[in-house]
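S.K.: As they're listed, the protein sequences go chains D and W. The opening residue of the first sequence carries number 5 in this note's numbering; numbering runs sequentially from there. The opening residue of the second sequence carries number 5 in this note's numbering; numbering runs sequentially from there. Ideal placement from N, C-alpha and C gives every residue a C-beta, glycine not left out. Please read all numbers here as calculations on a predicted model, not as lab measurements.
Protein chains: 2
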Amino acid sequence: MAYELYYWDGLQGRGEFVRLALEEAGADYIDITREPSRGTEAMFGIMKSDSEPHIPFAPPFLKDGALIIPHVANILFYLGPRLGLAPEDEGLRYVANGLQLTITDFVAEVHDTHHPIDTSLYYEDQKPEAKARSAAFIRDRIPKFLGYFERVLRQNPGDPGYMIDNALTYVDLSLFQVIEGLTYAFPNAMAKRKADYPALLALHDRVEKRTNIARYLASSRRLDFNEDGIFRHYPELDSEE
Amino acid sequence: MAYELYYWDGLQGRGEFVRLALEEAGADYIDITREPSRGTEAMFGIMKSDSEPHIPFAPPFLKDGALIIPHVANILFYLGPRLGLAPEDEGLRYVANGLQLTITDFVAEVHDTHHPIDTSLYYEDQKPEAKARSAAFIRDRIPKFLGYFERVLRQNPGDPGYMIDNALTYVDLSLFQVIEGLTYAFPNAMAKRKADYPALLALHDRVEKRTNIARYLASSRRLDFNEDGIFRHYPELDSEE
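As structure tokens, this is what we get:
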């Protein structure tokens, strides 16, 4: 039975981390809200159910048969071994999950660069605060997080071409997406900084060239980044050139 | 061998979610930074290591033998079955992890009520923005998250006295802590709202009375809430009485 992915239509967003794993593995999946016969109503049907025992708080969530699994890191922890994208060793699976949760935290901070005060308001209603938060994000948080991921690669005793041990995992795919997203949202800041993270950039480039990922990126299933997603390009929030 | 918990000394913070599980289970553990012979230096020794292959991004992390596991939800996913605080059913373990990750997101939003712009600055340097963010948090986010947890309890076909199925899990313990923390940080807002969440408040009260939890709460190991932690009481951020 095909996996069912539930996420907002029209943007990459957090759902993209799951899509990249499903696409790399060539898994059979349905992107429910993009199916004309299902749509966003099918997603709300589960979220608003007053009888379903395992209602998710928010998308994305995955349905595998009757099981409903919410949160990106949780979905990837579940899918990883099934898709051949998790370490064989059980202990290393918790290492992978720890790295993915650090990515989760980073992505939440990316979101807050354009919504620092109130998620129910538009970006335009919190622009000065967004500018202040973005400045701190570019100055402190990008180097802190990317510096950390670079160190993990360098200190990997298995193969420093991967985040964990000596084979591709979903964590590598997610870091590809983080670099893509940051480069879209903050092109000036990233152009100045990229040279500090050679191992991470090399990982990004290798993931981009993988057969199934390259095919996915060239397909209509890969939406462009846009200003409804997590990674948004507002030139006024980026560094000066 | 005792579990080793690594977290900042002097505050409950995110480490407290792990402590509650260890205490409920009566597990053998060492709170490393509070050990005079180890202290915070022992924690930094791991975080700053340039040879350790699985460096954590931030505390808390758990050490079980050679394995280092960072992030609260990840630690609890690992410990849950070992401490008898996870569902027996494998699928339900992902349900538990999904709920714990929703708690993680909520706790991150609690943190941002006093640090909406820049985590490297003091609260005092971002007070107007903290006031705006707290107002939105109290108005929209507390009801959204607590309303969700209340629904999960009500819709639990097993036993609506627990979040999952018909037995205590680490998720129940974490929700006790969330209610404790919110009541400390936002006493006026919570006094007005508590009646909306009867099942959640009943869960809180039951957890508080459990033998091992009651013993822990009365011990010197349970630090008081304070303004170094996640849940901080700044009266100016709370609702009017």
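Is the Cβ of Arg155 of chain W closer than 8 Å to any Cβ of chain D?
M.R.: True, the Cβ-Cβ gap to chain D drops below 8 Å.
S.K.: Could you tell me which chain W residues have their CB closer than 8 Å to the CB of Ile121 of chain D, listed as they occur along the chain?
M.R.: Near Ile121 of chain D (Cβ distances below 8 Å), the residues of chain W are Pro120, Glu133, Ala136, Arg137, Ala140.
S.K.: For Arg225 of chain W, count neighbouring C-beta atoms within 10 Å of its own C-beta (all shown protein chains included) and say buried if the count is 16 or more, exposed if not.
M.R.: Looking at its Cβ environment, which holds fewer than 16 other Cβ atoms inside 10 Å, Arg225 of chain W is exposed.
S.K.: When you compare each of D:Thr108, D:Leu71, D:Gly151, D:Leu157 to Leu172 of chain D by their alpha carbons, which one comes out closest?
M.R.: Cα-wise, what sits closest to Leu172 of chain D is D:Leu157.
S.K.: Within 10 Å of its beta-carbon, does Pro91 of chain W have 16 or more other beta-carbons around it, so buried, or fewer, so exposed?
M.R.: Buried, by the Cβ-count rule.
S.K.: Could you give the first and the last residue of the continuous alpha helix (DSSP H) run that contains Tyr238 of chain D?
M.R.: Here Tyr238 of chain D belongs to no alpha helix (DSSP H), and DSSP marks it neither H nor E.
S.K.: In chain order, what residues of the same chain lie with their CB nearer than 7 Å to the CB of Phe141 of chain W, ignoring the 5 residues before and after it?
M.R.: For Phe141 of chain W, where only same-chain residues beyond five positions count, the Cβ hits under 7 Å are Glu113, Thr117.
S.K.: Between the beta-carbon of Arg18 of chain D and the beta-carbon of Val111 of chain D, is there less than 8 Å?
M.R.: It is a contact, given that the beta carbons lie within the stated cut-off.
S.K.: Taking Cβ-Cβ distances shorter than 7 Å, what residues in chain W pair up with Thr106 of chain D?
M.R.: Within 7 Å Cβ-Cβ: Phe61.
S.K.: Check whether the region 142-150 of chain W touches the region 64-82 of chain W, counting contact only when three or more Cβ pairs, one atom from each stretch, lie closer than 8 Å.
M.R.: No, they do not touch.
S.K.: Give the DSSP-derived three-state secondary structure of Lys52 of chain W in the structure shown.
M.R.: Here Lys52 of chain W sits in coil by DSSP.
S.K.: Take Val22 of chain W and list the residues in its own chain whose beta-carbon comes closer than 8 Å to its own, dropping the five residues that flank it on each side.
M.R.: Leu9, Tyr11, Pro64, Leu66, Val76, Ile79, Leu80, Leu83.
S.K.: Output yes or no for whether 8 Å exceeds the beta carbon distance between Asp163 of chain W and Asn170 of chain W.
M.R.: In contact: Asp163 of chain W and Asn170 of chain W (Cβ atoms closer than 8 Å).
S.K.: Please state if the CB of Gln16 of chain D and the CB of Gly233 of chain D are separated by a distance shorter than 8 Å.
M.R.: Yes. Within cutoff.
S.K.: Are Pro57 of chain W and Asn216 of chain D closer than 8 Å when you measure CB to CB?
M.R.: No, they are not a contact pair.
S.K.: For Pro74 of chain W, list the residues DSSP reports as bridge partners.
M.R.: Per DSSP, W:Phe65.
S.K.: Shortest alpha-carbon distance to Pro202 of chain W belongs to which of W:Arg155, W:Asn192, W:Ala189?
M.R.: For the residues W:Arg155, W:Asn192, W:Ala189, the minimum Cα distance to Pro202 of chain W belongs to W:Arg155.
S.K.: Along chain W, which residues have their Cβ under 7 Å away from the Cβ of Gly95 of chain D?
M.R.: Ordered by position in chain W, the residues that pass the 7 Å Cβ test against Gly95 of chain D are Leu71.
S.K.: Given this structure, state the Cα-to-Cα distance separating Tyr188 of chain W from Ala25 of chain W, to the nearest angstrom.
M.R.: Tyr188 of chain W and Ala25 of chain W: Cα-Cα distance of roughly 21 Å.
S.K.: Does at least one heavy atom of the ligand SAM sit under 7 Å from the Cβ of Leu177 of chain D?
M.R.: Absence of the ligand SAM is noted for the structure shown, with no ligands found whatsoever.
S.K.: Can you tell me whether DSSP reads Asp35 of chain W as helix, strand or coil?
M.R.: The answer is strand: DSSP assigns Asp35 of chain W an E or B state.
S.K.: What does Ile54 of chain D reach in chain W if we use C-beta pairs closer than 9 Å?
M.R.: Strictly speaking, residue 54 of chain D in this sequence is Asp, with Ile absent from that position. Here the neighbours are Arg155, Arg158, Gln159.
S.K.: Please name the residue in D:Ser124, D:Leu125, D:Arg137 whose C-alpha comes closest to that of Asp129 of chain W.
M.R.: It is D:Arg137 whose Cα lies nearest to the Cα of Asp129 of chain W.
S.K.: Listing by chain order, which chain W residues have their CB less than 9 Å from the CB of Gly250 of chain D?
M.R.: Only positions 5 to 245 of chain D appear in this structure, which leaves residue 250 of chain D out of reach.
S.K.: Just verifying my parser: in three-state terms, what is the DSSP assignment at Tyr201 of chain D?
M.R.: Three-state DSSP puts Tyr201 of chain D in coil, outside helix and strand.
S.K.: I'd like to check one pair, Ile183 of chain D with His208 of chain D: are the Cβ atoms closer than 8 Å?
M.R.: A contact, by the Cβ cut-off of 8 Å.
S.K.: Hey, would you say Gly102 of chain D sits closer than 8 Å to Pro191 of chain W, going by beta carbons?
M.R.: No. Outside cutoff.
S.K.: Cα separation between Tyr174 of chain D and Ile34 of chain D?
M.R.: Rounded to whole angstroms, Tyr174 of chain D to Ile34 of chain D spans 19 Å at the Cα level.
S.K.: Give the interface partners of Val99 of chain W over in chain D, defined as CB-CB distance under 7 Å, in chain order.
M.R.: Those within 7 Å of Val99 of chain W in chain D are His58.
S.K.: Please look up how many angstroms separate the CB atoms of Pro120 of chain W and Ala139 of chain W, rounded, as I've assumed it's under 8 Å.
M.R.: In fact, because the Cβ distance is near 11 Å, the residues do not count as touching under 8 Å.
S.K.: Out of D:Arg145, D:Ser55, D:Glu94, point me to the one whose CA is closest to Asp122 of chain W's CA.
M.R.: When each option's Cα is compared against that of Asp122 of chain W, the closest is D:Arg145.
S.K.: Could you tell me whether any Cβ in chain D is nearer than 8 Å to the Cβ of His115 of chain W?
M.R.: Chain D, which has no Cβ nearer than 8 Å to the Cβ of His115 of chain W, makes this no.
S.K.: At which residues does the beta strand (DSSP E) containing Glu8 of chain W begin and terminate?
M.R.: It spans 7-10 - the beta strand (DSSP E) in which Glu8 of chain W sits, taken as one unbroken run.
S.K.: Ordered along the chain, which non-local residues of its own chain (more than five positions away) have a Cβ less than 7 Å from that of Tyr220 of chain D?
M.R.: Glu27, Arg226.
S.K.: Hey, which unbroken runs of the alpha helix (DSSP H) at 4 residues or more fall wholly within the region 75-123 of chain W?
M.R.: As far as the region 75-123 of chain W is concerned, its whole alpha helix (DSSP H) runs of at least 4 residues are 76-87, 94-118.
S.K.: Going by C-alpha to C-alpha distance, which of D:Leu186, D:Met194, D:Leu205 sits closest to Asn230 of chain D?
M.R.: Cα-wise, what sits closest to Asn230 of chain D is D:Leu186.
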